[in-house]
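As they're listed, the protein sequences go chains V and B. 237 is the number that the numbering used here gives the last residue of the first sequence; the numbers go up by one with no jumps. 208 is the number that the numbering used here gives the last residue of the second sequence; the numbers go up by one with no jumps. See structure below.
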Amino acid sequence: MPAVRVIPVVLYDGLNAVKTIRYDTRRNVGSLLNQARVYAARDVDELVLIDLRPGFASDRVDIISRFADELPAPLTYGGSIRSVTDAYRALKAGADRVIISSSYWQAARETALELGSQAVVYAIDMNGSVQRRSEHRNLADCLHEAVEAEVGEVLLTQTQNDGVRTGYDVNLIAAARAVCPNLSIIANGGCGSIEHAVNAMKAGASAVAASSVFLYTEITPRDIRNALGKAGYEVRP
Amino acid sequence: MIVHVVDLGGNTRSVITALSRLGVRAEVTNTGADIETAERIILPGQVTFATAMRVLDPLRGAIASALTGGAALLGICAGMQALFEDSEESPGILGLGFLAGRVTKLPVPHFGWSEVHFRAFVAGMEYIARPMRHFYFAHGYAKRYEGADHDGIETVATINYDTGTSPNMVAAVQRKRISGVQFHPEKSQAEGLKLLDRWVRDGVIVNE
Numbered sequence: 001m002p003a004v005r006v007i008p009v010v011l012y013d014g015l016n017a018v019k020t021i022r023y024d025t026r027r028n029v030g031s032l033l034n035q036a037r038v039y040a041a042r043d044v045d046e047l048v049l050i051d052l053r054p055g056f057a058s059d060r061v062d063i064i065s066r067f068a069d070e071l072p073a074p075l076t077y078g079g080s081i082r083s084v085t086d087a088y089r090a091l092k093a094g095a096d097r098v099i100i101s102s103s104y105w106q107a108a109r110e111t112a113l114e115l116g117s118q119a120v121v122y123a124i125d126m127n128g129s130v131q132r133r134s135e136h137r138n139l140a141d142c143l144h145e146a147v148e149a150e151v152g153e154v155l156l157t158q159t160q161n162d163g164v165r166t167g168y169d170v171n172l173i174a175a176a177r178a179v180c181p182n183l184s185i186i187a188n189g190g191c192g193s194i195e196h197a198v199n200a201m202k203a204g205a206s207a208v209a210a211s212s213v214f215l216y217t218e219i220t221p222r223d224i225r226n227a228l229g230k231a232g233y234e235v236r237p
Numbered sequence: 001m002i003v004h005v006v007d008l009g010g011n012t013r014s015v016i017t018a019l020s021r022l023g024v025r026a027e028v029t030n031t032g033a034d035i036e037t038a039e040r041i042i043l044p045g046q047v048t049f050a051t052a053m054r055v056l057d058p059l060r061g062a063i064a065s066a067l068t069g070g071a072a073l074l075g076i077c078a079g080m081q082a083l084f085e086d087s088e089e090s091p092g093i094l095g096l097g098f099l100a101g102r103v104t105k106l107p108v109p110h111f112g113w114s115e116v117h118f119r120a121f122v123a124g125m126e127y128i129a130r131p132m133r134h135f136y137f138a139h140g141y142a143k144r145y146e147g148a149d150h151d152g153i154e155t156v157a158t159i160n161y162d163t164g165t166s167p168n169m170v171a172a173v174q175r176k177r178i179s180g181v182q183f184h185p186e187k188s189q190a191e192g193l194k195l196l197d198r199w200v201r202d203g204v205i206v207n208e
């Protein structure tokens with residue numbers, strides 16, 4: 001099995017790197033490329049870049065390239081990927097995989113077929129126990145669709161925990177693991193401490209993504225990696 | 001020294017960027033005349049076997065001439081798979097055939113950082129600092145490792161893919177000046193860059 005990854009998430013609003021709270025309030029956290037440089041220097045396992053602007057704007061490809069050029073590590077890009085063509089452009093620009101929202105199942109399915117399962121991360125955004133924006137759908141619905149689309153991995157976010165650093169939604173992670181024993185799941189939303197990351201792994205996550213904890217505390221991705229190593233998980237040294 | 005990177009249709013940019021980090025000049029080319037006279041040729045990955053071979057098929061002669069002239073060839077990911085005879089991914093399509101055997105489908109795609117075990121007899125890995133290192137992988141097909149006795153392909157590194165303790169997937173190969181890595185050195189942080197640097201300088205990833 002590959003090592004457990006600790007994945008910082010960088011959000012971009014078109015001008016600066018930002019951090020959201022519950023997918024809403026945004027705070028400016030500095031220059032985008034500087035974030036890439038800092039994380040590159042910190043020897044991260046992987047980085048997620050999310051462009052929050054609506055629509056696959058023409059300068060997006062350029063942003064991906066400039067960001068990827070700073071990073072000798074895998075880059076996962078998300079933000080308005082709605083088709084295989086969008087996905088292909090993002091990969092060509094320097095991303096290693098794309099995040100496709102569960103609202104765009106067809107795009108996820110086609111991209112997995114065309115560019116390979118490992119190129120697709122399927123984003124499931126939960127608001128409590130229902131899917132954000134489609135409240136008639138629950139976690140199991142979304143996960144079954146992920147399996148059907150043959151995506152490589154799921155990015156599972158509890159949006160109520162986004163930016164508040166009170167811990168991952170471990171019940172959500174455990175529920176997802178119970179539905180899909182073999183699916184690779186990246187836990188996201190809520191990480192505020194090293195223990196939170198360890199708890200997410202114990203609940204059944206395959207990898208952990210986080211943002212605020214790296215922006216507003218002294219904790220680095222390596223600190224979390226080291227703690228996971230001590231807890232018995234395989235991590236990069 | 002200029003490294004010629006063949007554009008197979010995938011992410012050539014990451015390879016070029018990694019080389020420029022090392023201060024190495026790289027040129028993207030799909031032209032036989034460039035490749036014939038090249039000293040270092042890289043086949044990057046992130047494409048299907050068929051897509052890679054569509055580009056490489058017309059370049060067979062040029063690559064062979066370059067190798068005869070002393071060039072070094074490095075295949076990365078799908079670029080390494082193209083060194084073999086064929087692949088389950090694209091039945092009926094012939095690979096470059098420099099190495100014996102067939103690339104087969106993995107039960108689940110392999111994604112992430114895995115510990116690569118360089119074979120004990122391999123000298124010259126001191127630059128990697130330790131015989132085992134994590135490198136970044138992203139692929140759905142692979143060359144299975146069947147053990148040293150059945151290994152006619154000069155496997156120099158393996159990983160324990162779906163078994164805990166025994167090597168069962170080829171991570172790196174080398175036959176004279178033909179090398180291949182299943183992982184992505186251009187995305188494997190400092191260790192990956194060291195491996196690329198070594199290959200650019202010496203034309204091999206490990207000592208023969």
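Ideal Cβ positions, reconstructed from N, Cα and C, are used throughout, including at glycine.
Under a 10 Å Cβ-count criterion, Ala-33 (chain B) is classified as exposed, with fewer than 16 other Cβ atoms of the shown protein chains found around its own Cβ. Taking the Cα of His-139 (chain B) as reference, the smallest distance to any Cα among B:Pro-109, B:Arg-119 and B:Glu-154 is reached at B:Pro-109.
For Leu-155 (chain V), no chain B residue has a C-beta closer than 7 Å to its own C-beta; the minimum C-beta separation is roughly 13 Å. Under the 8 Å Cβ criterion, the stretch 127-147 of chain V does not count as touching the stretch 76-92 of chain V, having fewer than three qualifying pairs.
Within the same chain, and ignoring the five residues on either side of Ser-80 (chain V) in sequence, the residues whose Cβ sits closer than 6 Å to its Cβ are Gly-55 and Phe-56.
Shown here, Pro-237 (chain V) sits in coil according to DSSP, grouped into three states, outside any helix or strand. Taking a cut-off of 8 Å on C-beta distances, the stretch 156-167 of chain B does not touch the stretch 45-55 of chain V, as fewer than three cross pairs fall below it.
For Asn-28 (chain V), the enclosing beta strand (DSSP E) begins and ends at 26-30. Taking 8 Å as the cut-off, the Cβ atoms of Val-44 (chain V) and Pro-8 (chain V) count as close.
According to DSSP, Met-53 (chain B) shares a beta bridge with no other residue. Bridge pairing for Phe-111 (chain B): B:Ala-138 [DSSP]. Here His-144 (chain V) is exposed, its C-beta having fewer than 16 other C-beta atoms within 10 Å. Residues of chain B with a Cβ closer than 7 Å to the Cβ of Ser-117 (chain V) are, in chain order, Pro-109 and Gly-140. The C-alpha of Leu-43 (chain B) lies about 29 Å from the C-alpha of Ser-184 (chain V). For Gly-229 (chain V), the uninterrupted alpha helix (DSSP H) run begins and ends at 221-230, by DSSP.
Below the 9 Å Cβ cutoff, chain V contributes no neighbours of Ser-179 (chain B), its closest Cβ being approximately 20 Å away. In the structure shown, Gln-46 (chain B) adopts coil according to DSSP, grouped into three states. Per DSSP, the continuous beta strand (DSSP E) segment holding Glu-153 (chain V) begins and ends at 153-158.
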